[in-house]
Amino acid sequence: MSWKDAQSYCRQHHTDLAMIEDEAENTAVTSIASDKVWIAVKSKTQIMTMEFQSEADLSLPTIWSQLSQEISEEFMKMGITDVRVTWKNTPSKQSSLDP
Numbered sequence: 001m002s003w004k005d006a007q008s009y010c011r012q013h014h015t016d017l018a019m020i021e022d023e024a025e026n027t028a029v030t031s032i033a034s035d036k037v038w039i040a041v042k043s044k045t046q047i048m049t050m051e052f053q054s055e056a057d058l059s060l061p062t063i064w065s066q067l068s069q070e071i072s073e074e075f076m077k078m079g080i081t082d083v084r085v086t087w088k089n090t091p092s093k094q095s096s097l098d099p
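Position one of the sequence shown corresponds to residue 1 (the UniProt record's numbering), numbered consecutively onward.
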């Protein structure tokens, strides 16, 4: 299921995708979540987005290492301490997190 599919499903059947804003909410969601979930890292003022100018950019190991570190740091700021980042390409040629 893509991010847009998940968002559409939630909006049709519930309200919207869940926002996890503290450790207590993270613990609650973790206890009921399936083994795979979509997640976006978001602060109060911005959402992390990734845009690459060319396919060549994707082949640079330093890009993946730097992005993984930045994402881990954002999670730590939110109180999430168990962070594992895995990258995969989606059909729309965007990168997504695979928890």
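Each residue gets a CB set at the ideal place from its N, CA and C atoms; glycine is no exception.
Every value quoted in this text rests on a predicted model; they were computed, and no experiment measured them.
> How long is the line joining the alpha carbons of A28 and D22, rounded to whole angstroms?
Replying inline: Linking A28 to D22 through their CA atoms gives a straight-line distance of about 10 angstroms.
>> Rounded to the nearest angstrom, what separates N26 and I80 at their Cα positions?
In response: 8 angstroms
> Quick one: Cα of R11 to Cα of S65, how far?
Replying inline: 34 angstroms
> What residue does the alpha helix (DSSP H) around E23 start on, and which one ends it?
Replying inline: Start and end: 23-32.
> D16 by DSSP, collapsed to three states: which one?
Replying inline: coil
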